[in-house]
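Residue numbers (my numbering), protein chains in the order written: chain Y, 1 to 440; chain Z, 1001 to 1440.
Here is the structure we will look at.
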C-alpha cells in the first residue's frame, strides 16, 4: 500500500530507513568524542590520542622495491581472488614469526584477516549470540569493545593490577557468573604491552590465568599486536604457547610493518579455524592478495627483524619522553603506568577529576588524548585517560604533556575553588560505537 | 568445575568448541562442492566454474609503476590507518565513475569496502534480524546468498524472464508476504549482466521494478560489478540513477582493475551510510589504504577507460567462443542465455537431468562448472548449471564445452536406458555456506 502523500514512502524525515534497521543497529551511534577528534587533527594540536604506528621509520624505497619485486614474481596471484584463509606462503611465514612467542602452529591453523580487528569480528560472530557474556580487562581495547557491542554481547570487566589481569578478580567474576547460570563465551585479554593500560603479564601470571580458564572450561582470546615491540628486546611467551586448544591467538603486521596494508591473523584450533574461514568468506570472500603478497615478499627478502629493532628504538625514545614529561609536568596525585613496550601510558588523574569532562578543555589547550571511559563498556574510567606516544616526535610529546599538565592544574584549581566539577559543566560522552580508527 | 579426566576440558573430541558456537554458526558448513573444486583446480581440468577476472589483460608494468608513483607521493598515507569510510580522493573518483551509470552522488555518500562482498555483509548486518525476509532473483549471486544465510535471513526467490527479474512475480511475492504480515527488508537485484543468469534488465524493466518497490516501501540493493563490461560498449543506467533514497548501489574494482586489491563500494542514503561506516569500523577499522591509494593513483594517472575496453574485448571473445561451442556441442533440449556483457552463461539441461548430480562425472571428464543449486537457497536449480568464460583462453573454453557436451550426452543415454538418474546415484550437495572465492 502506498503511504499517505506528502510523506516519504520510506518512513520519517530524519532517516527514512530508521524503522528498517536490525536490533543490533539501534545501539550503533557515533561517539561524541569523534567531533572533538576532528578538531584534534588540526596541526596545532598535539595528538596523544590515536595509536598510529610510526610509519616514517619504514623506508619507502624498501616498500616500493618490495612491491615491484612481488608484482614481477607473483603479480598474477597478487591481483586475483585468493583463498578465504589467506596465502599459503604467508601463513607459513606467520608460523615462523609466532615461533618467537613460543607458538608452533601448522600453517593450516592460521587464518589471515583484514587486520586483527576482522579476526575479533569473526570470532565474536561465530561464538556469540545476543546476550552472551564475555570477560575483558578493565580497561580494554576500544575496538574490541566496539565489536562486542555490535554483536549485542554483555561485557564483564575484570580488574587489572600492576601485572595485568588480576587472577583473584577473574576467579570471583567466573564464580559470580556461574552462580547466575552463565558461562562466558571467552576471556579477551591483551597480556603484552596492554592497550590502553600499558601493562604486561609476567609468565607466572599468564600460567595462572590459563589454569583458571582451563578449569572453568573457558576459551581465551589472546590479542597480541605489540608482542615484538618490547623496549629491552625481550619477547614474552604467548599464553597460546602453553595451550593450543583453549586459546585463539591474534597477531597483526600493523605495528611491525604497516597498518595501511591491513593484514592480521588468528591462530585457532582446528574446528574453530574452519568456522572462521567460512565466516571470512562470507564477510569479504578473501583477504587482499595484493597486501598479503607484499608483506610475504617483504618477509622473504628484507631484514624484517632489523626493522622491528628500529621500531622498538623509535617507540622507546617516545616512551622515555612521555614518562620524563609526566614526571616534570603532572601535579601531585596523578599516577601513570610505566610501559616496557607498546604504544600507551595509562594516566590516573587526581581524586575527583573527570578525564571525559576535561577533554574539550584539553583540545582548546591544543592537546588531545582518549578519555578512560572509551575503554569501558559501562561508563567507568572517568578518572583516567590514555596517552599514546607512538606517533609524534619526542619534542612534540613533551610539549603535549606540558599543555596537559597546564589543563589538569587549571581543573584542580577550579575544583578546589568550587568543590566539585560535576554535573553543571558541559561534558561529552565516549559511549556508543567504536570511536573510529583514529583512536585505536 | 574440572571435567572428568581423559576428556578434553572443552567438550567433545571432534570439535571441543562445538557447544560454544553462536546459533548463526550452526548453519555454517563447507559446501560439498568445495572438495570437487580442489580436484577441478588441477591444470588438466578446464574450469568454467570460478568467475575470476582475466588479470593477464592488465599490464603488470603499469601496476608496478603506479604503486611506485603512489608510494613516492602518498606513501605515508598508504601505509597508515585511514578513515572507516575510505579515502576522500578515491570516493571522489568513484563518484566520477558511477556518473557513467547516471548516478551523481556526493563523495560523502560513498563507503569504500573490502570488495563489494563486504558491503553486502554490512548492509545485511545493519538491516536484518534473524528471521527477516529479503527478496532475491531466482537464481541469485552465491556470495550474497552466503551472507543472507550467515545472518539467518529468509530469502524469497523471485523468478526471472529473459529481461531479468520478473515484475509480475515480484508483485505476487510482495502480496503473498504482505498477506503473511511480512515486509521484506530489501530486494537484492543484479540488473546488469546478471551473475549467474547472464541477463540484463532493459530500462523500462528497471523503472517498473523501482516503482513496485517504491509503492511497497521496500529498499533496493542494486549490485553492479559488471556494469562497465558490456560488449557493445553501451553502459546501462543504474536503477540508483532514478532514486537516491530508495536504492543502495554496490560497485567494485574487482572486474575493471583487479580482484586481489579487494576494493569495492556502496553508494547509500545519508542515514544508511552513517550506519554502514560504523559497522565497517567495527568489522575492519578501515579498508586498506594501500589498496585504495593504488587504485586512486591508477585512476588519476592511467587511461583506465582504455583498459576497460581491453577487458570488454577479452570477455567478448570468450563469450563468443562459449556460445559457438554450446551451439556445436550441446545436445537437443539444452538451452542457454546469451549474455551481452559480464562473465556468465546460464545453461538449462534437458528435461530430467540434474546438474548437481552430474558434477562428479564432469570433473572426471576434466571440465568443471558450478551447479545451479548453488544459486538458490532452497535446493532449486538442479536442471541448470553456470558456465563462467572469464578466465580460460578461447580454445580451452571450446575444449571444455566439448567435454561438457560429451558428459551430457552420456547422461542422456543413461537416462534413456534406465528411465531416471535419480536417487540411486551418488550426488553432491551444493547447500551450506558460501562455496568460497573460487566460485564467485
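Just so it is clear, CB atoms sit at the ideal spot from N, CA and C, and this is done for glycine as well.
By the criterion of a C-beta distance shorter than 7 Å, residue 1080 of chain Z is surrounded in its chain by 1289, once the five residues flanking it on both sides are discounted. Measuring C-alpha to C-alpha distances from residue 1381 of chain Z to each of Z:1365, Z:1112 and Z:1138 identifies Z:1138 as the nearest. Of the candidates Z:1265, Z:1030, Z:1188 and Z:1344, the residue whose Cα lies closest to the Cα of residue 1088 of chain Z is Z:1265. Separation of the CB atoms of residue 143 of chain Y and residue 111 of chain Y is rounded to 18 Å, and the pair is thereby denied contact status at 8 Å. Within the region 1017-1029 of chain Z, the residues whose Cβ lies closer than 9 Å to some Cβ of chain Y are 1017, 1018, 1020, 1021, 1022, 1023, 1024, 1025, 1028 and 1029, listed in chain order. Annotation: the region 214-259 of chain Y contains the following complete segments of the beta strand (DSSP E) (minimum length 3 residues), in chain order: 219-223 and 247-252.
Rounded to the nearest angstrom, the Cβ distance from residue 1053 of chain Z to residue 1374 of chain Z is 20 Å, too far for a contact under 8 Å.
Per the DSSP secondary-structure output, residue 47 of chain Y pairs in a beta bridge with Y:368. The beta carbon of residue 1076 of chain Z sits closer than 8 Å to some beta carbon of chain Y.
Using a 10 angstroms sphere on the CB of residue 1305 of chain Z, the tally of other CB atoms stays under 16, which defines it as exposed. Counting only the Cα atoms, residue 1152 of chain Z lies some 5 Å from residue 1130 of chain Z. CA-to-CA, the gap between residue 1292 of chain Z and residue 1253 of chain Z works out to about 10 Å. Assignment of residue 387 of chain Y by DSSP, reduced to helix, strand and coil, places it in the strand class.
Contact between the region 1060-1078 of chain Z and the region 1274-1284 of chain Z is not established, with fewer than three Cβ pairs separated by less than 8 Å.
Exposed is the label assigned to residue 1419 of chain Z, since fewer than 16 other Cβ atoms lie within 10 Å of its Cβ. Look at residue 64 of chain Y: its C-beta is under 8 Å from a C-beta on chain Z.
If the five residues before and after residue 1044 of chain Z are omitted, its C-beta is found closer than 8 Å to the C-beta atoms of 1366, all from its own chain and listed in chain order. Judged by beta-carbon spacing, residue 319 of chain Y lies within the 8 Å limit of residue 389 of chain Y, meaning their Cβ atoms are closer than that value. Every unbroken stretch of the alpha helix (DSSP H) spanning 4 or more residues and falling wholly within the region 122-162 of chain Y is given here in chain order: 142-150.
Taking each of Z:1021, Z:1057 and Z:1114 in turn and checking the Cα distance to residue 286 of chain Y, the smallest one comes out for Z:1114. Contact between residue 1102 of chain Z and residue 1241 of chain Z is confirmed by a C-beta separation of about 3 Å, below the 8 Å threshold. For residue 275 of chain Y, the C-beta contacts it makes with chain Z under 8 Å involve 1021, 1025 and 1028, in order along the chain. Interface with chain Y (8 Å Cβ-Cβ cutoff): residue 1188 of chain Z is excluded. Around the beta carbon of residue 201 of chain Y, a 10 Å sphere encloses 16 or more other beta carbons of the protein chains shown; the residue is thus reported as buried.
Annotated three-state conformation of residue 1165 of chain Z is strand, per DSSP.
Secondary-structure assignment with DSSP links residue 186 of chain Y through a beta bridge to Y:219. A Cβ-Cβ contact shorter than 8 Å links residue 1047 of chain Z with residue 1040 of chain Z. Counting every other CB atom within 10 Å of its CB across the protein chains shown gives residue 216 of chain Y a total of 16 or more, marking it as buried. A residue is called buried once 16 or more other Cβ atoms fall within 10 Å of its Cβ, and residue 195 of chain Y is buried on that count.
If you look at residue 1113 of chain Z, you'll find it isn't in any alpha helix (DSSP H); it sits in the beta strand (DSSP E) that goes 1110-1113. Residues of chain Z whose Cβ lies closer than 8 Å to the Cβ of residue 56 of chain Y are, in chain order, 1076. Taking 8 Å as the cut-off, the beta carbon of residue 1067 of chain Z is found no closer than this to the beta carbon of residue 263 of chain Y. Not a single CB atom of chain Y sits nearer than 8 Å to the CB of residue 1298 of chain Z. For the region 1120-1144 of chain Z, the set of positions with a beta-carbon nearer than 8 Å to some beta-carbon of chain Y reads 1121, 1125, 1126, 1127, 1128, 1129, 1132 and 1143 in chain order. A distance of 8 Å or more separates the beta carbons of residue 186 of chain Y and residue 212 of chain Y.
Legend: CB atoms of the region 243-268 of chain Y lying less than 7 Å from CB atoms of chain Z belong to residues 245, 246, 258, 259, 260, 261 and 262.
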